[in-house]
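Sequential numbering from 2 applies to the sequence shown in this note's numbering. All C-beta atoms, glycine included, are put in the ideal place defined by N, C-alpha and C. Notes follow the structure.
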Amino acid sequence: MELATQTLNDKPRDAYYWRLFATAASFALFGFGGLCLRLLVFPLLSCLPGSAASHRRRARHTISWLFWFFIRLMQRAGVLTYSVDGAEKLGRPGQMIIANHPSLIDVVFLIGLVRQANCVVKQSLWQNPFTRGPVRDAGYISNDGSAEMLDAAADALRAGQTLIIFPEGTRTTPGAAPAFHRGGAAIALRGATIITPVVIKVSPTTLTKAEPWYRIPKCRVHFSLRVGADIEPQAFASLGPAPQASRKLNDYLHHYFFKELAEDERQTPP
């Protein structure tokens, strides 16, 4: 996999109208691609021989490859730049990847980086005509808050899958610290072999919660993904009953991301 670190361009209104056009074209392409996957690509893939697990692996590989192509296309079009530190640590069996959620396309980055990842995604994607086909065929897990969702996520980890989860459940409010729900910690304690945090920083902020796609910043946006050191879930499982252990793990994760993001802010030049 080719990874690159690009330099953030800080020029005022850096190719603003071109980036606005390229952003619109990127979103149109994403929606069109989702429909093509649902109506054409996945029906053809389902005709290939193999078990249900084989079909799911093919679907995930296809989505991952297309997501990474989409990221590279936006980079080449001048919409964004990116850097990834520690990608080689992602994609291990039974690994839970936990990330903060500052923008709309965080999941595109992570699924693009990990070819066979499962993912807990918001329930509305199952009703969206552009996304319901891909998320269904890939066997992603709906974040409906039910006990069945927790069971499905833990089962996926115990089966050796890599699972991506955003414990906030929605995008971070700009300027606020991430607030993690305890469900992610509970899933990790029930099924994860290892927990790997990924700190995502977007500068300047874009595609945040309740922000329309066309409200782009004056300069090109830079996405920074930094993979942290592994966290042993069993170290927390031994601290007490499941509710107490999940609360302590959730508090640890919250403080970890708060510290990492605060340090990033201190290191950002004015």
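DSSP state of residue i mapped onto helix, strand, coil
i      : result
Ser84  : strand
Asn119 : strand
Trp19  : helix
Pro179 : coil
Gln96  : strand
Leu250 : helix
Ser125 : helix
Ser27  : helix
Pro135 : helix
Ile195 : strand
Thr8   : The pLDDT assigned to Thr8 is 41, lower than 50, so where the model puts this residue is not dependable, and the model offers no usable value.
Ile188 : helix
Glu3   : Any reading at Glu3 needs caution, since the residue's pLDDT is 39, under 50, leaving its predicted position unreliable; the model's value is listed next. Coil.
Ile142 : strand
Leu164 : strand
Ile201 : strand
Ile232 : strand
His102 : coil
Arg172 : coil
Gly241 : coil
Leu91  : coil
Phe259 : helix
Test item: CB-CB of residue i and residue j under 7 Å
i      : j      : result
Thr206 : Pro175 : yes
Asn101 : Gln162 : no
Leu158 : Gly192 : yes
Phe224 : Tyr83  : yes
Ala88  : Leu114 : yes
Glu261 : Val200 : yes
Ile188 : Ala230 : no
Ala23  : Val80  : yes
Met97  : Ile196 : yes
Leu111 : Ile165 : yes
Arg59  : Leu46  : yes
Pro168 : Phe181 : yes
Ile64  : Pro130 : no
Leu190 : Ala238 : yes
Ser247 : Ala178 : no
Gly95  : Thr194 : yes
Ala139 : Arg61  : yes
Trp214 : Phe70  : no
Closest residue to residue i among the options (Cα-Cα distance)
i      : options                           : result
Ile72  : Leu105, Ala53, Arg59 and Ser47    : Leu105
Leu91  : Asp152, Thr82 and Leu226          : Leu226
Thr171 : Gln117, Val122 and Gly35          : Val122
Gly20  : Leu67, Cys220, Ala236 and Leu41   : With the sequence shown as reference, residue 20 is identified as Arg, and Gly is not the correct amino acid for it. Closest option to Arg20, Cα to Cα, is Cys220.
Lys202 : Glu264, Leu151, Thr194 and Glu233 : Glu264
Gln117 : Asp86, Gly34 and Leu67            : Leu67
Phe43  : Asp86, Thr132, Ser147 and Ala148  : Thr132
Ile232 : His56, Leu41 and Ile99            : Ile99
Ala53  : Arg137, Asp252 and Asp152         : Arg137
Phe86  : Gln245, Val228 and His255         : Per the sequence shown, the amino acid found at residue 86 is Asp instead of Phe. Of Gln245, Val228 and His255, the residue nearest in Cα terms is Val228.
**Report entry** Any 3 or more C-beta pairs closer than 8 Å across the stretch 55-75 and the stretch 195-212
**Finding:** no
Report task. Would you check if the stretch 139-157 and the stretch 121-129 touch, i.e. whether three or more CB-CB distances between them fall below 8 Å? Result -> yes
Query raised in the report: Can you list, in chain order, the stretches of the alpha helix (DSSP H) that have 4 or more residues and sit fully within the stretch 30-81?
Result: 43-47 and 53-77
Query raised in the report: At which residue ranges does the stretch 203-230 contain complete beta strand (DSSP E) runs of 3 or more residues, listed in the order of the chain?
Result: 222-228
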